[in-house]
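Q: Input: one structure, supplied below.
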Amino acid sequence: MLAPMMKTPLLISSLLEFGVVSHPDAEIVSRKVEDGSIHRTTQGEAAKRAKQLANALLNWGVKPGDRIATLAWNTWRHYEAYYATTGIGTVCHTINPRLFPEQLEYIFNHAEDRMVFVDLNLVPLLENLEGKLPHLQAIVVMTDSDNMPDSKLQNLICYEDFIAAHSTEFEWPRLDEDTDCSLCYTSGTTGNPKGVMYTHRSTVLHAIASLPQQALNISQDSVILPVVPMFHVNCWGIPYAVTITGAKLVFPGAAMDGKSLWELIVSEKPTLLAGVPTVWLGLLNYLDSINETMESVDSVVVGGSAAPLSMIKAFDEKHGAFLLHAWGMTEMSPIGTINAPNKQLNALPASERYEIQRKQGKPVFGVEMKIIDDDGNELPRDGKAYGRLMVRGPWIVNAYYKSDKVATEDGWFDTGDVANIDPDNYMQIVDRSKDVIKSGGEWISSIDLENVAVGHPAVAEACVIGIPHEKWQERPLLLVILKEGASATREDILEFLEPQLAKFWLPDDVVFRDELPHTATGKLLKVPMREEYASHYLK
Ligand code: AMP
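Residue numbering for the sequence shown follows the numbering used here, starting at 2 and increasing by one per position.
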């Protein structure tokens with residue numbers, strides 16, 4: 002029998018067109034990369050320019066399926082490029098400018114990008130790679146002719162000139178919804194980055210799933226300041242979600258320090274902020290230093306790494322904002338779970354609510370999850386048992402780009418995280434499976450230890466690694482960066498930790514450092530630390 006319902010493809014261009022018809026005046030505010038000034042446009046205007054860009058790209062000669070890279074901050078031009086490249090059936094390949102040059106070279110060449118859209122202050126990254134990117138035929142600098150850089154690079158094009166002569170009329174092709182649309186590489190802590198290719202269908206479904214109150218709660222009245230970069234898993238899908246509801250977008254450009262963010266918060270009055278914990282530490286410290294509180298912000302979405310309790314409290318107690326803990330990964334487009342506020346949660350005494358807020362949250366509709374032991378047996382959802390976190394759903398990777406299938410036969414993906422799930426379906430990350438410390442027969446969560454350690458007033462950042470120990474096989478070592486001007490001894494820190502942790506969790510030593518290595522997305526790089534301190538307890 003024929004299906005009784007229409008099979009309309011789920012396409013990114015339909016998100017854009019919906020925005021044009023439903024809320025063309027929805028604002029898109031950006032801090033310009035060129036000079037830090039504020040640029041204002043609307044969904045309607047941006048859609049017209051996305052169509053100009055689509056015409057320009059086709060006129061230049063892009064072919065369906067071509068990968069077009071972006072090396073750019075969060076701005077309206079990047080938003081236009083998101084929609085134009087995907088709408089015509091090419092792939093928007095967002096690249097993280099914080100990667101090492103060798104990783105950039107690897108990624109450009111692995112993806113075989115033909116063209117790149119680059120922000121003005123990132124052009125030097127391409128100059129360093131000159132002659133090493135054989136597939137790259139054009140470099141579009143995202144600026145106007147007045148600001149074009151003086152560069153020796155070949156095939157340099159000015160964005161505004163590139164689109165200027167083209168029509169604002171364009172009919173988006175009716176693609177198959179399973180067409181590739183965007184590509185992100187993981188910034189793995191080991192080995193080469195791996196590519197995850199999203200499809201129109203997966204992207205649209207992910208955008209819809211991110212909207213409800215129990216997810217990001219994005220409505221037409223929302224004003225969103227996504228500090229999470231557009232090169233980090235499509236800015237958690239936010240640029241695609243706003244066209245559905247007409248929420249106002251506030252893009253921070255290249256300035257993500259506390260002072261610059263505060264200026265935007267004062268002028269644009271965002272209701273929802275989204276970003277990784279490091280960014281919020283910068284903002285909170287800045288607000289403390291000037292003794293200011295945020296008025297407009299209701300919620301702060303924190304993902305990418307675990308949010309420490311001290312941060313949950315600071316947002317709540319000083320700024321009246323609810324910290325929504327979210328968890329996901331590049332392989333999941335990225336949203337997996339969100340810990341959104343609700344009546345029951347708000348009715349709890351603050352200390353009980355904070356304990357729940359520390360969990361990474363409940364799966365959004367579309368994501369199934371389970372925890373398993375090393376033999377593949379499913380573990381109980383009792384909030385105590387922990388094991389490998391497995392996920393499946395329509396926006397979760399099946400196979401890495403140009404690589405073999407990674408999902409299991411019955412369609413599950415092993416996240417590499419260790420977690421527990423409680424009877425209310427709240428998931429809590431215990432650790433990365435590679436970072437869990439095995440002490441005697443017991444497991445110690447390096448993340449939990451780090452979170453307690455950063456609660457010490459003198460500690461700016463903490464990293465816990467498991468290193469070899471003669472008796473216990475592995476024991477935790479705490480590496481600490483102190484806040485500027487603060488001081489603390491090894492004993493001070495251990496004394497602070499002791500009442501908060503089981504005895505066998507206490508690190509055997511504390512080492513003070515000036516810096517800690519991070520991946521390009523800000524995650525602690527523990528492999529080199531484990532190597533550096535491998536014999537610390539064996540001496
Ligand atoms: P990425 O692909 O760079 O987004 O990294 C995904 C990984 O980041 C996950 O597998 C987790 O290990 C970690 N991660 C993401 N969100 C959180 C969170 N809220 N709490 C703890 N870890 C997280």
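Glycine included, C-beta positions come from ideal geometry on N, C-alpha and C.
Fair warning: this is a prediction, and the values are worked out from it, not measured in the lab.
(1) Which stretch, first to last residue, makes up the alpha helix (DSSP H) that contains Lys406?
(2) Does the Cβ of Lys33 have 16 or more other Cβ atoms within 10 Å, making it buried, or fewer, making it exposed?
(3) Would you tell me roughly how many angstroms separate the C-alpha atoms of Met149 and Gln155, rounded to the nearest one?
(4) Confirm, please, whether the CB-CB distance from Thr87 to His167 is below 9 Å.
(5) In the DSSP assignment, find the unbroken beta strand (DSSP E) run with Gln474 in it and report its ends.
(6) At which residues does the beta strand (DSSP E) containing Ala461 begin and terminate?
(7) Taking 8 Å as the line, does the beta carbon of Trp396 fall inside it for any heavy atom of the ligand AMP?
(8) Within the present structure, is the beta-carbon of Ile332 separated from the nearest heavy atom of the ligand AMP by less than 8 Å?
(9) Leu397 lies in the beta strand (DSSP E); which residues open and close that run?
(10) Which whole-angstrom value describes the C-beta separation of Leu16 and Tyr241, a residue pair presumed to lie in contact below a C-beta threshold of 8 Å?
(11) For Asn122, collect the residues of the same chain with a Cβ closer than 8 Å to its Cβ; drop the 5 residues on either side in sequence, then sort them by chain order.
(12) Of the choices Val197, Leu206 and Gly62, whose alpha-carbon is the least far from that of Val407?
(13) Using 10 angstroms around the beta-carbon of Val63, count the other beta-carbons present and answer buried if the total reaches 16, otherwise exposed.
(14) Excluding the 5 residues flanking Glu492 on each side, which residues of the same chain have their C-beta closer than 8 Å to its C-beta?
(15) Residues in the same chain with beta-carbon distance under 7 Å from Gly45, minus the five sequence neighbours each way, listed in chain order, please.
(16) Evaluate Asn1 with the Cβ neighbour count: other Cβ atoms within 10 Å of its Cβ, from every protein chain shown; 16 or more gives buried, anything less gives exposed.
(17) Rounded to the nearest angstrom, how far is the Cβ of Lys319 from that of Thr294, given a contact under 8 Å?
(18) Could you check whether the region 63-73 touches the region 217-225, counting it as contact only if at least three pairs of C-beta atoms, one from each stretch, sit closer than 8 Å?
(19) With a CB to CB cut of under 7 Å and the five nearest residues on each side skipped, what residues in its chain are close to Asp415?
(20) Which residues mark the beginning and the end of the alpha helix (DSSP H) in which Phe316 is found?
(21) Is Arg393 near the ligand AMP, judged by its Cβ being under 8 Å from some heavy atom?
(22) Under three-state DSSP, which class holds Arg175?
(23) Does the region 426-445 come into contact with the region 398-406, if we say contact requires no fewer than three beta-carbon pairs (one atom in each stretch) closer than 8 Å?
(24) For Phe101, which three-state DSSP category applies?
(25) In this structure, what does DSSP give as the bridge partners for Thr42?
(26) Note down, one range per segment and in chain order, each beta strand (DSSP E) of at least 3 residues found wholly within the region 281-364.
(27) Which class does Tyr534 belong to by DSSP, given the choice of helix, strand or coil?
(28) Using alpha carbons as the reference points, say which of Ser297, Pro309, Tyr287 and Ala248 lies closest to Val277.
(29) According to DSSP, what are the bridge partners of Arg68?
(30) Quick one: any contact between the region 328-341 and the region 357-377, if contact means 3 or more CB pairs under 8 Å?
(31) Rank Pro65, Ser38 and Tyr160 by C-alpha distance to the C-alpha of Leu54 and give the top, closest one.
(32) Grab the span of the alpha helix (DSSP H) containing Asn378 for me, first residue to last.
(33) The alpha helix (DSSP H) with Tyr427 in it runs from where to where?
(34) Should Phe109 go down as buried or exposed, given a rule of 16 or more other Cβ atoms within 10 Å for buried?
(35) Kindly list the residues whose CB is nearer than 8 Å to the CB of Asp423, restricted to its own chain and excluding five residues on each side of it in sequence; keep chain order.
(36) Does the separation of the CB atoms of Ser447 and Gly467 fall below 9 Å?
A: Taking the geometry as given:
(1) No alpha helix (DSSP H) holds Lys406; DSSP gives it neither H nor E.
(2) buried
(3) 13 Å
(4) no
(5) Gln474 to Leu483
(6) Val460 to His470
(7) no
(8) Note on identity: in this sequence residue 332 is Glu, with Ile being the wrong assignment. Yes, the Cβ of Glu332 comes within 8 Å of a heavy atom of the ligand AMP.
(9) Sequence inspection shows Ile at residue 397; the Leu mentioned does not correspond to that position. Note, Ile397: premise wrong, no beta strand (DSSP E); not H, not E.
(10) 6 Å
(11) Val34 and Ala255
(12) Val197
(13) buried
(14) none
(15) Val21, Pro25 and Asp26
(16) Residue numbering for the chain in the displayed model covers 2 to 540; residue 1 lies beyond these limits and cannot be assessed.
(17) 6 Å
(18) no
(19) Arg389 and Met391
(20) Leu310 to His320
(21) no
(22) coil
(23) no
(24) coil
(25) Ile29
(26) 300-303, 323-329 and 336-340
(27) coil
(28) Pro309
(29) Val92
(30) yes
(31) Tyr160
(32) Premise fails: Asn378 is in no alpha helix (DSSP H) and is neither H nor E.
(33) Where Tyr427 is concerned, there is no enclosing alpha helix (DSSP H), given that its DSSP letter is neither H nor E.
(34) buried
(35) Lys360, Arg382, Asp383, Gly384 and Gln429
(36) yes
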